[in-house]
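Quick note: the sequence shown uses our numbering, first residue 1367, plus one each step.
Note that CB positions come from ideal geometry on N, CA and C, so glycine has one too.
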Amino acid sequence: MFERRGQQWFVEDVCAAEIAQRVGTPAYVYSSAHFSSRYRALVSALAGVNHRIFYSVKANSNLSVLRLFRELGAGFDIVSAGELERALAAGATPGDIVFSGVGKRVDEIDYALKLGIHCFNVESADELARLSERARLLGRRARMALRINPDIDARTHPYISTGLKENKFGVPIQAAAALYARAHADEHLDVEGIDCHIGSQIAEVTPLIQALDAMLALRRELQNAGIPVRHLDLGGGLGIAYQNEADFDVTAYGNALRDRLRGEDVAVAMEPGRFLVGNGGALLTRVEYLKPALLADAPSFAIVDAAMTELIRPALYSAWHDVLALEPCDAQPASWDIVGPVCESGDFLARGRRLALRQGTLLAVLSAGAYGFVQSSNYNSRPRPPEVLVEGDTFRVIRRRETLQDLLAPERECL
Ligand code: LLP
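Below, the structure written as structure tokens:
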């Protein structure tokens, strides 16, 4: 996402230091060209596959980012009324929306039913019964898919693996046919598809294709029982390179899909999040203090103005994010732990990085476009940073920095 030109680093045609100067730090910066090119790369890898992309809003739910993907032709995968509201605010029509998640509340189901969204991805027998009941009460029919849990190992971090039987997601594939029979017989439900999402940050094509094979076998079983299935939703999960991993091979994925789906009269839906936005975002932060180690075997700390509150992935998953120093510096490179001001020893962004740092040095924590801002918090009463979108040689703030007044408002009115 960053390109070096002389002594400066650029995002598209904008100097990163200038963004930091104008909006302050910490700040998230996104490249619209990067987002669009990832979307186009996925679409072209899927050429010849009857497909529809539903961008997974949870990865980066900024309204301007959603609008960009809508303009590129994406629908949206949502998991809450809040995400539904965002998709609509970004200009999505209800027919562009699929609703995932294990714990949909009655009010959320009602909201989506009244709008007439494209599909509910149902995750349990209880939810199926609730969906039918709410549709009956509202005089609607609910289009639905059952999220199956195929017990396939996505070989990713245990916290973001979702397709194993020990995970809370979906219904065991063995139990799916009986539930589909129930749904098919229900006058308030329309069976649309089969859904599956086995995990996130998946590096290889194989587990995703194993899941597809399980869905195709189930589809055959359902078709034989007289239950038509119009689409297979393969979920998201396509991984990105954070360090020196290979990017997920979308071309190989597209080839495998074309191969498996030849002669099958079925559409494919996909719910990518991270693949589209992960590498296209960074967190800008400045060094507040340097604490070089005073004792043997102790780390040297660079305390920066961003923290786990802005990027919790290192603390939560021991995730590795690259760190770039964006300004030339006359200091000797040394090994630094990049840590925030939050009162937790788990508050680190990176450890043991060789960087030349001074007080005030501007840094970029890379690959923060997905699950960065959306997982931020106000812990330690820290206002959330702004988000900035670069478009060619211009940039604009797409979410303003929170103020101290913003932080206190919901409580002040209750005093
Ligand atoms: N569809 C469903 C039903 C999902 O649960 C998810 C992600 C996606 C699609 C999009 O997955 P993606 O293409 O982005 O991998 N906070 C974690 C990631 C959690 C993913 C949750 N579900 C992280 O920072 O790595």
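Practice problem: Consider the C-beta atom of D1462 and the heavy atoms of ligand 1; say whether any pair is separated by less than 7 Å. | Solution: no
Practice problem: Output the boundary residues of the beta strand (DSSP E) element that contains Q1374. | Solution: Q1374 to V1377
Quiz item: For the beta strand (DSSP E) that contains E1493, what are its first and last residues?
Solution: It is not in any beta strand (DSSP E) - E1493 instead sits in the alpha helix (DSSP H) that spans A1491 to L1504.
Quiz item: Should H1484 be listed as close to ligand 1, given that the test is whether its C-beta is under 7 Å from any heavy atom?
Solution: no
Quiz item: Quick one: any contact between the segment 1402 to 1409 and the segment 1636 to 1643, if contact means 3 or more CB pairs under 8 Å?
Solution: yes
Quiz item: Cα separation between V1731 and P1752?
Solution: 15 Å
Quiz item: Taking Cβ positions, are A1734 and L1677 nearer each other than 8 Å?
Solution: yes
Quiz prompt | Cβ separation of A1422 and P1638, assumed to be a contact under 8 Å, to the nearest whole Å | solution = The question names Ala, yet the displayed sequence has Ser at residue 1422. Rounded, the Cβ-Cβ distance is 6 Å, consistent with contact.
Quiz item: L1600 by DSSP, collapsed to three states: which one?
Solution: coil
Quiz item: Any heavy atom of ligand 3 closer than 7 Å to the CB of G1602?
Solution: Because ligand 3 does not appear in the structure shown, any question about it cannot be addressed here, the ligands present being ligand 1.
Quiz prompt | Beta-carbon proximity of F1368 to V1377, cut-off 8 Å | solution = yes
Exercise. Can you tell me which of Q1540, N1428, D1599 and D1443 puts its alpha carbon nearest to the alpha carbon of A1455?
Key: N1428
Exercise. Report the three-state DSSP secondary structure of M1636 (helix, strand or coil).
Key: strand
Quiz item: Between E1693 and the rest of its own chain, which residues show a CB-CB distance below 7 Å, the 5 nearest in sequence each way excluded?
Solution: A1383, T1727 and L1728
Self-check item: Cut-off 6 Å between Cβ atoms - residues of its own chain near S1356, not counting five sequence neighbours on either side
Solution: The structure shown does not extend to residue 1356, since the chain spans only 1367 to 1781, so no value can be given for it.
Exercise. Output the boundary residues of the alpha helix (DSSP H) element that contains G1620.
Key: V1616 to L1627
Quiz item: Is it a yes or a no for the segment 1536 to 1555 touching the segment 1503 to 1520, going by three-plus beta-carbon pairs under 8 Å?
Solution: yes
Practice problem: State the Cα-Cα distance for the pair D1688 and H1597, rounded to the nearest angstrom. | Solution: 38 Å
Quiz item: Is the beta carbon of D1443 within less than 7 Å of some heavy atom of ligand 1?
Solution: yes
Practice problem: Give the single residue among Q1567, R1509 and Q1576 whose Cα lies nearest to the Cα of P1594. | Solution: R1509
Quiz item: Can you give the Cα-Cα distance for L1432 and A1440, rounded to whole angstroms?
Solution: 9 Å
Quiz prompt | Euclidean distance between Cα positions of Q1609 and L1690 | solution = 12 Å
Self-check item: Cα-Cα separation, D1561 to L1555
Solution: 16 Å
Quiz prompt | Reduced DSSP category for E1710 - H, G, I as helix; E, B as strand; rest coil | solution = coil
Quiz item: Under the criterion of a Cβ to heavy atom distance below 7 Å, does T1760 qualify as lining ligand 1?
Solution: no
Quiz prompt | P1638: CB within 7 Å of a non-hydrogen atom of ligand 1 | solution = yes
Quiz prompt | Sequence-distant residues of the same chain with beta carbon closer than 8 Å to V1708, five excluded per side | solution = A1673, M1674, T1675, Y1745, N1746 and R1748
Practice problem: May I ask which residues mark the beginning and end of the beta strand (DSSP E) holding D1556? | Solution: L1555 to D1561
Quiz prompt | Ranges of the alpha helix (DSSP H) found wholly within the segment 1443 to 1467, counting only runs of at least 4 | solution = 1447 to 1455
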